[in-house]
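As structure tokens, the structure follows; a few thoughts come after it.
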Amino acid sequence: LSLLTPYNYRRVGQDEVYFSTDFQVEYRVYFTNGSTYFAAFPEISHLVKAFGFEVNDSHVHEVPHDPRVGATITFIVLQFFEQNPEGVLFFIHDGADGKEKGRKRKFDAWFKKIGATKLYKKDAALPFGRISILVSILVRNSHPLLGKISDGLDQLVISVTTKPEELD
Amino acid sequence: MKPVKIHPNSPMAKIVLKMWEDKQLIKAYIRGEITKQELESKGIEFVNPL
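Quick look at the structure:
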């Protein structure tokens, strides 16, 4: 098998997606309703889903390097866009342990490897104590609202006050 | 491409902080530390778009 062959994933119940690796590590992949994050943008808010994945066993402390995990995550993301061509995917790179930049690099590499050229990705970083919270937003390049989404994101990251130094 | 910097006083900062808090709750749920009801009471709703 190629290192880029995705693992088979399985659905459990209404909204649970899992896959298991050759190293007996089980992952849970999840999507949540992201409409409330962008309630101020009713045109796109209903299209937004937040995406994430976690090792599904708190006893696993060392996860072996496994390129097929990236291939599987990427495959699931591409499946999302196959089935939701106008979807907007919001993804947060886990930074609770200060390794968010490495995770983002890995995520970027996964997409590069499979040639995900049909997707527009915008990355943004929020300084938060010692770390930065890194987020990525993904939409199809052919999304009819791509221009609005891109411009909207550019506006959202700007300060709401022009002269914050004058505030009490 | 280098990530765009989010101003701490921007609407996106609020969105990202809420999403980060939600992610911590989801991790707690997956670890079995909180129930799905507790998660849903915080407005977090799993969906399956696949």
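Heads up: the protein sequence lines correspond to chains A and B, in order. Here our numbering is used: the first residue of the first sequence is 1, the next is one more, and so on. Here our numbering is used: the first residue of the second sequence is 1001, the next is one more, and so on. Yeah, the Cβ is synthetic: ideal placement off N, Cα and C, and Gly gets one too.
- [ ] Return the chain-ordered list of same chain residues with a C-beta closer than 6 Å to the C-beta of Leu138/A, the five sequence neighbours on each side being excluded.
- [x] For the purposes of this step, residue 138/A is taken as residue 138 along the first sequence, with counting starting at 1. These residues qualify, in order along the chain: Leu89, Leu119, Lys121.
TODO: Measuring only between beta-carbons, confirm whether Glu1045/B sits less than 8 Å from chain A.
DONE: One-based indexing of the second sequence puts residue 1045/B at position 45. Taking 8 Å as the CB threshold, Glu1045/B lines the interface with chain A.
Task: Pick from Lys104/A, Arg68/A, Phe41/A, Phe81/A that is closest to Lys142/A, judged by C-alpha positions - done: In the first sequence, residue 142/A corresponds to position 142, counting from 1. The residue you asked about is not Lys; residue 142/A is Ser in the sequence shown. The shortest Cα separation from Ser142/A among Lys104/A, Arg68/A, Phe41/A, Phe81/A belongs to Phe81/A.
TODO: Inspect the beta-carbon positions of Val169/A and Val63/A and report whether they are closer than 8 Å.
DONE: Outside the modelled stretch of chain A, which goes from 1 to 168, sits residue 169/A, for which no answer is possible.
Task: Chain-order list of residues whose beta-carbon lies under 8 Å from that of Thr117/A (same chain, five-residue window excluded) - done: The residue labelled residue 117/A in the question sits at position 117 within the first sequence. The residues are Asn141.
Open item on the list: If you measure between the beta carbons of Thr72/A and Phe19/A, is that distance less than 8 Å?
Closed with: Walking along the first sequence from the start, residue 72/A turns up at place 72. Walking along the first sequence from the start, residue 19/A turns up at place 19. Against a cut-off of 8 Å, the Cβ pair of Phe19/A and Thr72/A comes out as a contact.
Task: Any C-beta of chain A under 8 Å from that of Lys1042/B - done: Residue mapping note: residue 1042/B aligns to position 42 of the second sequence, counting from 1. At a cut-off of 8 Å between beta-carbon atoms, Lys1042/B makes no contact with chain A.
Task: Listed by chain order, chain B residues near Gln79/A by CB distance under 7 Å - done: As a working note, residue 79/A is residue 79 in the first sequence. One finds Leu1050 in chain B with Cβ atoms closer than 7 Å to the Cβ of Gln79/A, taken in chain order.
Task: Sheet register partners of Arg140/A (DSSP bridge) - done: What you label residue 140/A is simply residue 140 of the first sequence in a count that begins at 1. DSSP lists Leu119/A as partners of Arg140/A.
- [ ] Would you verify that the beta carbon of Lys163/A is, or is not, closer than 8 Å to some beta carbon of chain B?
- [x] Residue 163/A sits at position 163 when you count from the first residue of the first sequence. Confidence at Lys163/A is low in this model, with a pLDDT of 49, below 50, so the placement of that residue is unreliable and no value is reported for it.
- [ ] Along the beta strand (DSSP E) that carries Arg1031/B, what are the first and last residues, could you check?
- [x] Taking the first residue of the second sequence as position 1, residue 1031/B is located at position 31. Boundaries cannot be given for Arg1031/B, as no beta strand (DSSP E) includes it and DSSP labels it neither H nor E.
Open item on the list: When you compare the CB of Leu44/A with every CB in chain B, is at least one pair closer than 8 Å?
Closed with: Counting from 1 along the first sequence, the entry for residue 44/A is found at position 44. In the sequence on display, residue 44/A carries Ile and not Leu. Judged by the 8 Å Cβ criterion, Ile44/A is not in contact with chain B.
Task: Spatially closest choice to Ser1010/B from Ala124/A, Ile131/A, Gly129/A, by CA coordinates - done: Residue 1010/B sits at position 10 when you count from the first residue of the second sequence. Of the listed residues, the one whose Cα sits closest to Ser1010/B is Ala124/A.
TODO: Give the straight-line distance between the Cα atoms of Gly52/A and Gln14/A, rounded to the nearest whole angstrom.
DONE: The sequence position of residue 52/A within the first sequence is 52, counting from 1. The sequence position of residue 14/A within the first sequence is 14, counting from 1. When only Cα atoms are considered, Gly52/A and Gln14/A end up about 17 Å apart.
TODO: For Ile1034/B, decide whether its Cβ has a neighbour in chain A, counting only Cβ atoms nearer than 8 Å.
DONE: For this step, residue 1034/B is matched to residue 34 along the second sequence. Taking Cβ atoms only, chain A never reaches closer than 8 Å to Ile1034/B, which makes this a no.
TODO: Say whether the segment 146-158 of chain A touches the segment 1017-1036 of chain B, bearing in mind that this needs 3 or more beta-carbon pairs closer than 8 Å, one atom from each stretch.
DONE: Short answer: they don't touch.
Open item on the list: Buried or exposed, going by whether 16 or more other CB atoms sit within 10 Å of the CB of Gly102/A?
Closed with: Position 102 of the first sequence, counting from 1, holds the residue named residue 102/A. That one is exposed.
- [ ] Starting from Lys1005/B, follow its DSSP beta bridges and name the residues at the other end.
- [x] Start at 1 with the first residue of the second sequence, and residue 1005/B comes out as number 5. Assignment of beta-bridge partners to Lys1005/B by DSSP yields Ala125/A.
Task: Ile158/A versus Leu126/A - alpha carbon distance - done: Here residue 158/A is taken as the residue at index 158 of the first sequence, counted from 1. Here residue 126/A is taken as the residue at index 126 of the first sequence, counted from 1. Going from the Cα of Ile158/A to the Cα of Leu126/A covers about 11 Å.
- [ ] Take Met1012/B as the anchor and find which of Arg11/A, Lys106/A, Ile92/A has the nearest alpha-carbon.
- [x] Taking the first residue of the second sequence as position 1, residue 1012/B is located at position 12. Out of Arg11/A, Lys106/A, Ile92/A, Ile92/A has the C-alpha closest to the C-alpha of Met1012/B.
TODO: For the segment 1011-1039 of chain B, enumerate the residues whose C-beta is nearer than 8 Å to any C-beta of chain A, in chain order.
DONE: Along the segment 1011-1039 of chain B, going in chain order, the ones with a CB nearer than 8 Å to a CB of chain A are Pro1011, Met1012, Ala1013, Ile1015, Val1016, Leu1017, Lys1018, Met1019, Trp1020, Asp1022, Lys1023, Gln1024, Ile1026, Lys1027, Ile1030, Arg1031, Gly1032.
Open item on the list: Beta-carbon within less than 7 Å of Arg11/A's beta-carbon, same chain only, minus the 5 sequence neighbours each way: which residues are those?
Closed with: Counting from 1 along the first sequence, the entry for residue 11/A is found at position 11. Closer than 7 Å at the Cβ level, and outside the excluded window around Arg11/A, lie Val17.
Open item on the list: So that I know if they touch, is there some Cβ in chain B lying closer than 8 Å to that of Lys148/A?
Closed with: The residue given as residue 148/A occupies position 148 in the first sequence. When Cβ-Cβ separations below 8 Å define contact, Lys148/A makes no contact with chain B.
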